[in-house]
Amino acid sequence: MNLIKTLLDLIFPLECRICKKTLAAGNLTYICPECFTRIRFIKEPYCLKCGRPLRPFENRVCKNCQKEKRFFKKICSVGLYQGVMREAILLLKYQKVKALISPLGKLLLKYCQENLKMNDFDLVLPVPLYRSKRREREFNQAEVFARMIAEHYSLPLFQKNLLRIRDTRTMSGLNPEERRRNVKDAFLVKRKEEVKNRRILLIDDICTTGATVDECCKVLLTAGAKEVTILTLARTS
Ligand SMILES: [Zn+2]
Ligand SMILES: [Zn+2]
């Protein structure tokens, strides 16, 4: 079925989901290169801790980060979850447009190069999906991007160490407190020796309130990790 679809897509060129221009033959990304270049990196001001975009002149560490304990060291995100970025992530996640893996991965690598000191990390981990959800989605995009970064920077990526041991409700429509409760005790570190005293770069696709990644950080720190920095493709505003 997938093969037939791919063949049809090659014969009848697709149009860009954003600007509706016809894509070059063989371009299966559903987004034209021009629209892709319109994805902008998140610009200051944003919270130095959680990365949430701030209004000008707001305190550089947001109110929530001042008030609540955070287990992560810092959350970094490439772009806002809107426009082309949102469309691309939804196409990859739900319509399995795997042709988008490469251009989105390149955005992450460019972000790493320009904004992070990669020597500060000992290993890369993806935020895991629950087993049945991973089967249903066919792949975990966080894992695909984590592998790209790990390979590019020759960092170890330990598969199936951080696990999601409980299926969690979808987070959309939940308030911050409900989100926190929804992911509580949902993760487990299987081999503590792999993370002990390590500085970890944890990868996910989207960050909303940071509840999921913070819960991951909590179990990683409990398992002995030294610190955890988060990198996500997108961030809700
Ligand atoms: Zn376009
Ligand atoms: Zn913050």
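In terms of the working numbering, the sequence shown opens at residue 33 and continues consecutively.
Ideal Cβ positions, reconstructed from N, Cα and C, are used throughout, including at glycine.
From a predicted model like this one, the values you see are computed outputs, not experimental measurements.
The criterion of a C-beta distance shorter than 8 Å is satisfied by Lys81 and Cys97.
Look at Lys53: its beta carbon is less than 7 Å from one of the heavy atoms in ligand 1. Here the region 164-178 makes no contact with the region 251-258; the two share fewer than three CB pairs at distances below 8 Å. With contact defined as three or more Cβ pairs closer than 8 Å, the region 83-93 and the region 114-128 are not in contact. Relative to the Cα of Leu265, the nearest Cα in the group Cys67, Ile232, Ile71, Ser204 belongs to Ile71.
If the five residues before and after Arg201 are omitted, its C-beta is found closer than 6 Å to the C-beta atoms of Asn214, all from its own chain and listed in chain order. In this structure Asn193 is buried. Its beta-carbon is surrounded by 16 or more other beta-carbon atoms within 10 angstroms. In the three-state DSSP reduction, Ile36 falls in the helix class (H, G or I). Take Val93, set aside five residues on each side of it, and the residues of its chain with a beta-carbon closer than 8 Å to its own are Cys79, Leu80, Lys81, in chain order.
When DSSP states are grouped into helix, strand and coil, Phe177 belongs to the helix group.
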